[in-house]
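Participant: Going by this note's numbering, the residue at position 175 of the sequence shown is 1004; the numbering climbs one at a time, nothing skipped.
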Amino acid sequence: MTDASLPRPVTIITGASRGIGAAIAERLAADGHDLVITYRDRAADADAVARRCTDSGARVLVLQVDLADLDAAATVVPSAVDAFGRVTGLVNNAGITGRIGPFLDVPLEEAEAVFRINVLSPLIITRAAIEHMATDRGGVGGSIVNISSGAAKSGAPNTYIPYAMSKAALNALTTGASKEFGPVGVRVNTVSPGTTRTEIHAAAGRPDAPDERAPGIPMRRPGEPHEIAGAVAYLLSDDASYTSGADIRVAGGN
Ligand SMILES: NC(=O)c1ccc[n+]([C@@H]2O[C@H](COP(=O)([O-])OP(=O)(O)OC[C@H]3O[C@@H](n4cnc5c(N)ncnc54)[C@H](OP(=O)(O)O)[C@@H]3O)[C@@H](O)[C@H]2O)c1
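Encoded structure:
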């Protein structure tokens, strides 16, 4: 929750039209954030998320941005600042896995798209956010959360190694940026979900992956998007005011 006597936080969430990003948006709206949510294709889904957030009292800007287009990624923070005058939070959530399959068969173009969307766009958006937030540049500080994956550490053999590589890179962004920008009021953290019930698995070619993987999860079930959102909300809240460089695994015991 946020302090009602302070101005409302303004938080950008990439890829919030569905899945984990949508759950984060709805949770943050309920916690008192105004929001900038982005999507790639699914405008109707993004509008439905925005309506639910508005019903919770949030002001919401919806942006269509293909994060494979790095010039488009560069417009996200300026659009948010134009709309709200300030940005206090960023959740780098949008991500793709590529198709599940053997490492030797991954087309290079697919690995490149994974790196554009999962690494280079977050790099661009994070730099713009920090330039706006940093207290040595006239900002008031802020909080950034990178949505990584347990794959960063498992390496996802026989499944999607390039995706695992991209998430390891995102983890390095958290580690480096939390140290470089801690002195200027910017906290940077990671949330690493385990297998969570969203459409990302269908896009990877394995729609039933959450239930197939359940026997290998100590809690014997996949996560639900709202269970990831709680960790993100914590890291963006004042309760996490001394938490930076952390990686919260939300993975049912894995
Ligand atoms: N689900 C899991 O099991 C799991 C586990 C570990 C980590 N994660 C991570 O959690 C994050 C969210 O995953 P999810 O499962 O919620 O995914 P999802 O259900 O597939 O949703 C992906 C979201 O990202 C957007 N998006 C995809 N490609 C984009 C692009 N090129 N440009 C802009 N937006 C794009 C989608 O927009 P549209 O709706 O317009 O297509 C959608 O809002 C990802 O970073 C993922 O790697 C997920």
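Think of the CB as a built atom: it goes at the ideal place given N, C-alpha and C, for glycine as much as any other residue.
What residue does the beta strand (DSSP E) around residue 840 start on, and which one ends it?
Facilitator: Counting along the chain, the beta strand (DSSP E) containing residue 840 begins and ends at 839 to 842.
Participant: Using beta-carbon positions only, say whether residue 917 and residue 1012 come within less than 8 Å of one another.
Facilitator: No, the Cβ-Cβ distance between residue 917 and residue 1012 is not below 8 Å.
Participant: Residue 990 and residue 1024 - do their beta-carbons sit closer together than 8 Å?
Facilitator: For residue 1024 and residue 990, no; Cβs fall outside 8 Å.
Participant: Less than 6 Å between C-beta atoms, sequence neighbours within five positions excluded: which residues of the same chain meet that for residue 1060?
Facilitator: 1020, 1077, 1079.
Participant: Is the beta carbon of residue 989 within less than 7 Å of some heavy atom of ligand 1?
Facilitator: No, the beta carbon of residue 989 sits no closer than 7 Å to any heavy atom of ligand 1.
Participant: Sorry if obvious, but does the Cβ on residue 1064 come closer than 7 Å to a heavy atom of ligand 3?
Facilitator: Looking for ligand 3 in the displayed structure turns up nothing; the ligands present are ligand 1.
Participant: Indicate, with yes or no, if ligand 1 has a heavy atom lying under 7 Å from the CB of residue 895.
Facilitator: Flag set: Cβ of residue 895 near ligand 1.
Participant: Would the beta-carbon of residue 928 fall within 8 Å of that of residue 1033?
Facilitator: Cβ distance < 8 Å, so residue 928 and residue 1033 count as in contact.
Participant: If you reduce the DSSP assignment to three classes, tell me which class residue 921 lands in.
Facilitator: DSSP places residue 921 in strand when its eight states are reduced to three.
Participant: Cutting at 6 Å between CB atoms, please list the residues of its own chain near residue 1007, excluding the five before and the five after it.
Facilitator: Once the five neighbours on either side are set aside, the close Cβ partners of residue 1007 are 1017, 1073, 1074.
Participant: What do you reckon, are the CB atoms on residue 1062 and residue 888 nearer than 8 Å?
Facilitator: No, the pair does not count as a contact, with Cβ atoms beyond the cut-off.
Participant: Is there at least one non-hydrogen atom of ligand 1 closer than 7 Å to the beta-carbon of residue 1028?
Facilitator: Yes.
Participant: Got a sec: does ligand 1 put a non-hydrogen atom nearer than 7 Å to the Cβ of residue 1081?
Facilitator: No, the Cβ of residue 1081 stays beyond 7 Å of every heavy atom of ligand 1.
Participant: Tell me whether residue 1073 sits in a helix, a strand or coil according to DSSP, three-state version.
Facilitator: Coil at residue 1073, not helix or strand.
Participant: In angstroms with no decimal places, state the Cα-to-Cα distance between residue 975 and residue 924.
Facilitator: Roughly 11 Å separates the two Cα atoms.
Participant: If you draw a straight line from the C-alpha of residue 952 to the C-alpha of residue 898, how long is it?
Facilitator: Spanning the two alpha carbons is a distance of roughly 13 Å.
Participant: Within 10 angstroms of the Cβ of residue 945, are there 16 or more other Cβ atoms? Answer buried if so, exposed if not.
Facilitator: So residue 945 ends up on the buried side.
Participant: Shorter than 7 Å, the distance from the beta carbon of residue 925 to the closest heavy atom of ligand 1, or not?
Facilitator: Within the cutoff, so yes.
Participant: Tell me, which residues are paired with residue 976 by DSSP?
Facilitator: Partner(s): 1020.
Participant: Hey, is residue 1034 close to ligand 1, as in C-beta under 7 Å from one of its heavy atoms?
Facilitator: Residue 1034: no, Cβ never under 7 Å from ligand 1.
Participant: Does the separation of the CB atoms of residue 1090 and residue 1030 fall below 8 Å?
Facilitator: Since the first and last residues shown for the chain are 830 and 1083, residue 1090 lies out of range.
Participant: Among 988, 981, 858, which has the Cα closest to the Cα of residue 1002?
Facilitator: Closest by alpha carbon: 981.
Participant: So residue 853 and residue 922 are supposed to be a Cβ contact under 8 Å. How far apart are they, rounded?
Facilitator: Indeed they touch by this definition, with Cβ atoms about 6 Å apart.
Participant: Once you ignore the five residues that flank residue 1052 on each side, which residues in its own chain have a CB closer than 8 Å to its CB?
Facilitator: Within the same chain, residue 1052 has close Cβ partners 1022, 1023, 1024, 1025, 1026, 1079, 1080, 1081.
Participant: Report all residues from its chain with a CB closer than 6 Å to the CB of residue 915; omit the five preceding and five following residues, and keep chain order.
Facilitator: Only 839 meet the Cβ criterion.
Participant: DSSP on residue 1045, reduced to helix/strand/coil?
Facilitator: If DSSP states are grouped into helix, strand and coil, residue 1045 belongs with the helices.
Participant: Starting from residue 867, trace the beta strand (DSSP E) both ways and give me its first and last residue.
Facilitator: 863 to 868 is the extent of the beta strand (DSSP E) around residue 867.
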